[in-house]
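Chemist: No gaps in the numbering here: position 172 of the sequence shown is 202 in my numbering, and each next residue is one more. One structure is given below, represented as structure tokens, and several questions about it will come after.
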Amino acid sequence: MRELWFQVLLGAVLGITVGVLLPDVGAALSPLNDWFISIVKMIVVPVVFCVVTQSISSMDSLRKAGRIGAKALGYFMVLSLLSMLIGLVVANVFKPGAGMNINLAELDTESIPGAGQAHGAVDFIDRIIPTNLFGAVTGNEILAALLVSIVFGCALNVSGEKAAPINDGISALTSVVFKIVGWVMRLAPIGTFGALASVVAKYGAESLQQLGYLILLFTGTCVVYVIVVLGVISRACGVGLFSLMRYLKAELLVALSTCSSEAVLPQLVRKLEDLGVGKPVVGIVIPSGFSFNLDGSAVYLTMASLFLAQAVGIDLSWQQQLIMVGVMMLTSKGTAGIAGGAFIVLASTITAVGHVPLAALALIVGVDRILNEGRVFINVLGNAMATIVIGKWENDFDAEKARAALGAGPGKH
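Structure follows, in structure tokens:
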């Protein structure tokens, strides 16, 4: 009963029960999840700052930090492209939107969140560069915090003994921050309860009938992606995929139920260090991965785009589809911290490419929350796997420690 994963699972079951039996009560419980996510966001940026700064400042050479970063970005790009191509192939083969014959004039475009938001290269850079050094660490913009943390860590690294007191202070601050993380995660079952109660109450079965095929197809694609793609990668690393999922079950359950990858970032850092991945690797790969390695979102983007085109009767050529993938490779980066980030990327990509009318987004806005569950599951598990891959690549992965941790199970850490 005391294990977090069991409490989260219990919260999920109770939430679904309330949503089905008492939909009015379930709908009113939505703030519980919103409050939990807000509390998590309060601590995410301090975690990123402490972990990244400490990782870089403690390295023997800044070249190592650059090497880890370059390997991670290369891996992220390859997996993102593969994920998008998988989504493209599945949507072309199974055609989830074919035969719907939707009349665009009948769609309610006012329900589309973020449709008018820019998410181009200039906006991306604007979000990376903070207006002041300490504002980036006290705000909730992960990309800006990541940049400041890297710069600060590099400065500490080259300052030598003069920076020792600051390094000690950051080490102490890290311990304090992770103590707070432990307290915050105790609230996860409450957030899970509120999230699932409101989702079940809001959507029910009727609203899902028309889009059920898309939901089923996307869920199936996510399952195949985990078993095949991540399964092959885990086997190559000598780590059992299902053992890893069992080890991370609390984090995966929280991410699934709250539909937030950020909700488990702090806990994931600690779990992967306990798994035997070196602190420098974890400190760089995990924070950057939550901005640049969102494989679940990548699968969703191409599948959803083709679904919308098929639903309104637009036949996209392979050339147009590949152009769309190229644009998404750029627009999909750095959406961490944006509520419904993948949906906003979808809106901005459709606007930029122009092949699919923006009004078509109204078709899936109602079930985006449900589709988001598959996205965040792959995002979290994919980033954990990416950290192990880079750790192995850097010879900074303790296989014996990993075997012991995976054998012990999640409740022993």
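Note that CB positions come from ideal geometry on N, CA and C, so glycine has one too.
Quick one: what's V307 bridged to in DSSP?
Modeler: Against the sequence shown, residue 307 aligns to sequence position 277. F427.
Chemist: Using only alpha-carbon positions, find the residue among V269, I220, Q350 that is nearest to L40.
Modeler: Position 10 of the sequence shown holds residue 40. Here the closest residue by C-alpha is I220.
Chemist: How about V307 and F427: are their beta carbons less than 8 angstroms apart?
Modeler: Reading the sequence shown from its first residue, position 277 is the one you call residue 307. Reading the sequence shown from its first residue, position 397 is the one you call residue 427. For V307 and F427, yes; Cβs fall inside 8 angstroms.
Chemist: Scan the segment 282 to 360 and note each continuous alpha helix (DSSP H) run of 4 residues or more that stays entirely inside, going in chain order.
Modeler: Correct list: 295 to 304, 309 to 322, 325 to 341.
Chemist: Would V70 pass as a contact of E303 if the rule is Cβ separation under 8 angstroms?
Modeler: Here residue 70 corresponds to residue number 40 of the sequence shown, with the count starting at 1. Here residue 303 corresponds to residue number 273 of the sequence shown, with the count starting at 1. Not closer than 8 angstroms, so no.
Chemist: If contacts are defined as beta-carbon pairs under 8 angstroms, then W65 and L283 qualify, I think. What distance do you get, rounded to the angstrom?
Modeler: Stepping through the sequence shown from its first residue, residue 65 is reached at position 35. Stepping through the sequence shown from its first residue, residue 283 is reached at position 253. About 19 angstroms; that fails the 8 angstroms criterion.
Chemist: What's the gap between the Cα of S85 and the Cα of Y243?
Modeler: Position 55 of the sequence shown holds residue 85. Position 213 of the sequence shown holds residue 243. Answer to the nearest angstrom: the Cα atoms are 45 angstroms apart.
Chemist: For the alpha helix (DSSP H) holding D198, just list the boundary residues, first then last.
Modeler: The residue you call residue 198 lines up with position 168 of the sequence shown. Looking at the DSSP string, the run of the alpha helix (DSSP H) that includes D198 is 194 to 215.
Chemist: Taking the alpha helix (DSSP H) that T251 falls in, what are its first and last residues?
Modeler: By 1-based counting over the sequence shown, the position of residue 251 is 221. Residues 242 to 254.
Chemist: If you scan the segment 50 to 103 from start to end, which runs of the alpha helix (DSSP H) of 4 or more residues do you find wholly inside it?
Modeler: Qualifying alpha helix (DSSP H) stretches, in chain order: 53 to 58, 60 to 87.
Chemist: In terms of residues, what are the limits of the alpha helix (DSSP H) holding I172?
Modeler: For the purposes of this step, residue 172 is taken as the residue at position 142 of the sequence shown. Element bounds for I172: 172 to 189.
Chemist: Are F248 and G404 close, meaning C-beta to C-beta below 8 angstroms?
Modeler: As a position in the sequence shown, residue 248 is number 218, starting the count at 1. As a position in the sequence shown, residue 404 is number 374, starting the count at 1. Yes; because the gap between Cβ atoms is below 8 angstroms, this pair is in contact.
Chemist: Grab me the residues of P227's own chain with a C-beta within less than 6 angstroms of its C-beta, minus the 5 sequence neighbours each way, in chain order.
Modeler: Counted from its first residue, the sequence shown places residue 227 at position 197. Here residue 227 is Ala; the residue named in the question, Pro, does not match the sequence. Correct list, in chain order: G45, V48, G49, G56, L59.
Chemist: Using three-state DSSP, classify T47 as helix, strand or coil.
Modeler: The residue given as residue 47 occupies position 17 in the sequence shown. Looking at T47 - three-state DSSP - the assignment turns out to be helix.
Chemist: Just to confirm my understanding: we take K125, look at its own chain, exclude 5 residues before and 5 after, and list those with CB closer than 7 angstroms. What are they?
Modeler: Within the sequence shown, residue 125 is the residue found at index 95, counting from 1. Excluding sequence neighbours, K125 sits near Q340.
Chemist: Excluding the 5 residues flanking C184 on each side, which residues of the same chain have their C-beta closer than 7 angstroms to its C-beta?
Modeler: For the purposes of this step, residue 184 is taken as the residue at position 154 of the sequence shown. I86, L92, listed in sequence order.
Chemist: Please identify the residue among I380, A194, D345, V229 whose C-alpha is closest to the C-alpha of V43.
Modeler: As a first step, residue 43 must be located in the sequence shown, where it is residue number 13. Looking at the Cα atoms, V229 is the closest of the given residues.
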